[in-house]
Amino acid sequence: MSEEILINITPMESRVALVENGVLQEVHVERTQRRGIVGNIYKGKVVRVLPGMQAAFVDVGLERAAFIHASEISTREGNAAETISTLVQEGQSLVVQVTKDPIGTKGARLTTHLSVPSRYLVYMPRTSHVGISLKIEDEAERERLKKTVADCIAAEGIQETGGFILRTAADGARAEDILADIRYLRRLWDQISAQMQTVNAPTLIYDDLTLALRTLRDLVNPRIEKIRIDSRETFQKALGFVAELMPEVSDRLEHYPGERPIFDLYGVEDEIQKALERKVLLKSGGYLIIDPTEAMTTIDVNTGAFVGHRTLEETIFKTNLEAATAIARQLRLRNLGGIIIIDFIDMEDEDHQRQVLRMLEKQLERDHAKTNIIGITELGLVQMTRKRTRESLEQVLCEPCSHCQGRGNLKTPETVCYEIFREILREARAYQAEGYLVLANQRVVDRLLDEESGNVADLEIFIGRTMKFQVESMYSQEQYDVVLL
């Protein structure tokens, strides 16, 4: 399987596309004026302690105060049962790291369990634990990596406490690569430590890498054949970054100088547009309906035009298998997180159910975000979760519709006409007027003058006054005004 990473840079934004066998699997967007802050370390000030929620609000210099739970505050004694009031006081300075970006109306989420990542390792200065990614399953490799880290720490003569987590990328890594990572992380932590002592709250102490460099650190694996960057400046920065942290990747970096935009070349722009639509077409003729809500995301699977060749059960099974693959891709592409409920088409055969679940699990193995399939409910719905750290693609690129306020539908012209009639009746009872002027959208006025003309005439007789209508081109279908004449 060939994989490529495309990096598109403009002064306004950076975009990254992960393409597998010519098909877009992930897209990441970072606006220059609204960069993500996950991983950033701040010296903040506690502004409010909430004993009832076992949490506190911390001012780290953002638009909204950030939120930290008592369980995310480390103590020297390691006593997890301590209350928030004994852990922090208002006005106190606190060094914290962002674990979740501000999303919607919620402020950023924080922790004091600091960690700094490199290519193969995550350094945790406040623990002494050495852990290994669960995705590295081979027991012999896990033991080798653990021993390698211990040997490197001993060789460096590191005395003070500090723990490491070996990332999935460390699978098969050489001892000298891991040693280089440890040295890089030590240098970085020394810089952060020095700032922690000298700066005043609220201040940014450590700014995580830009999207382009973060991509090189987190997404590059042996399957990635090419990393194409369309900015000469970013390409030079990337060369310097990989020379220090991951020299074996240097020959895979490529500057793309073409006239045609790099995302157009691979059809990425069209795929991004499709990823914002509610309906996803399957090759068989079936389709998915994806509805993100505040509480969860629901995904409905339908056979659509697919009629199959054998039995109905076989048709349903084939559609569900195809849907499982498509759903795994859509979760990555749209960066959907939190609770996800999937309504596959009902299957009578339990073996078919197991195969569809296995297919979903297999496709989710390549997902960089942590996923957890809980199982099938009594109603036949698949429950799963996907770790949410950054805004979804829709939240980054879109805003709620100004006409329907995010409902996804509009009142019909007929409904608006009857609202206008009721408003006029209220006005007629409350005020004396010679007549009424109704300002409304074109479709509403057309209906008032056509299908509702009989009702208009009856209402004029009933209230003893005339009504005039005027089209307001800037009004949405639901907007109207009734003016006394």
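Using the UniProt record's numbering, the first residue of the sequence shown is number 1, and each one after it goes up by one.
We put the beta carbon where it would ideally sit given N, CA and C, even for glycine.
query, result
"Any idea which residues DSSP pairs residue 290 with across the strands?", "299"
"So if DSSP puts residue 470 in a beta bridge, which residue, or which two residues, is it bridged to?", "439"
"Determine contact between the region 220-229 and the region 249-264, defined as no fewer than three beta-carbon pairs at a distance below 8 Å.", "yes"
"Is the number of C-beta pairs between the region 387-402 and the region 333-342 that are closer than 8 Å three or more?", "yes"
"Excluding five sequence neighbours on each side, which residues of the same chain lie with their C-beta closer than 7 Å to the C-beta of residue 78?", "With a pLDDT of only 49 at residue 78, under the threshold of 50, the placement of this residue in the model should not be trusted; the figure read from the coordinates follows. Cβ neighbours of residue 78 beyond the five flanking positions: none."
"Does the Cβ of residue 124 have 16 or more other Cβ atoms within 10 Å, making it buried, or fewer, making it exposed?", "buried"
"When you compare each of 433, 97 and 329 to residue 367 by their alpha carbons, which one comes out closest?", "329"
"Taking DSSP as the reference, what is the three-state secondary structure of residue 190?", "helix"
"Is residue 90 near the ligand GTP, judged by its Cβ being under 8 Å from some heavy atom?", "With respect to the ligand GTP, the structure shown offers nothing to examine, as it has no ligands at all."
"Since residue 24 and residue 268 should fall inside the 8 Å C-beta cutoff, what is the C-beta to C-beta distance between them, to a whole number of angstroms?", "5 Å"
"Residues in its own chain within less than 8 Å of residue 150 by CB, not counting five upstream and five downstream?", "130"
"Please confirm if the region 191-207 is in contact with the region 48-63, defined as three or more CB-CB distances below 8 Å between the two stretches.", "yes"
"Can you tell me whether residue 77 is helix, strand or coil according to DSSP?", "Unreliable positioning characterises residue 77 in this predicted model, as indicated by a pLDDT of 48, which lies under 50. The coordinate reading is nonetheless provided below. Note: residue 77 maps to coil in three-state DSSP."
"For residue 42, name the three-state secondary structure that DSSP assigns.", "strand"
"Quick test of the definition: if touching needs 3 or more C-beta pairs under 8 Å, does the region 471-484 touch the region 406-416?", "yes"
"Tell me the DSSP secondary structure of residue 97 in three-state form.", "strand"
"Can you say whether residue 295 is buried or exposed, counting buried as having 16 or more other CB atoms within 10 angstroms of its CB?", "exposed"
"Is residue 53 near residue 103, with beta carbons less than 9 Å apart?", "no"
"Are residue 91 and residue 46 touching if we call contact CB-CB under 9 Å?", "yes"
"Would you tell me roughly how many angstroms separate the C-alpha atoms of residue 96 and residue 34, rounded to the nearest one?", "20 Å"
"May I have the straight-line CA-CA distance separating residue 242 from residue 18, to the nearest angstrom?", "18 Å"
"Do the CB positions of residue 184 and residue 41 come within less than 9 Å of each other?", "no"
"Measure the C-alpha to C-alpha separation of residue 116 and residue 189 and round it to an integer number of angstroms.", "8 Å"
"Any idea what DSSP makes of residue 51, helix, strand or coil?", "helix"
"Terminal residues of the continuous beta strand (DSSP E) containing residue 318?", "Note, residue 318: premise wrong, no beta strand (DSSP E); alpha helix (DSSP H) at 312-334."
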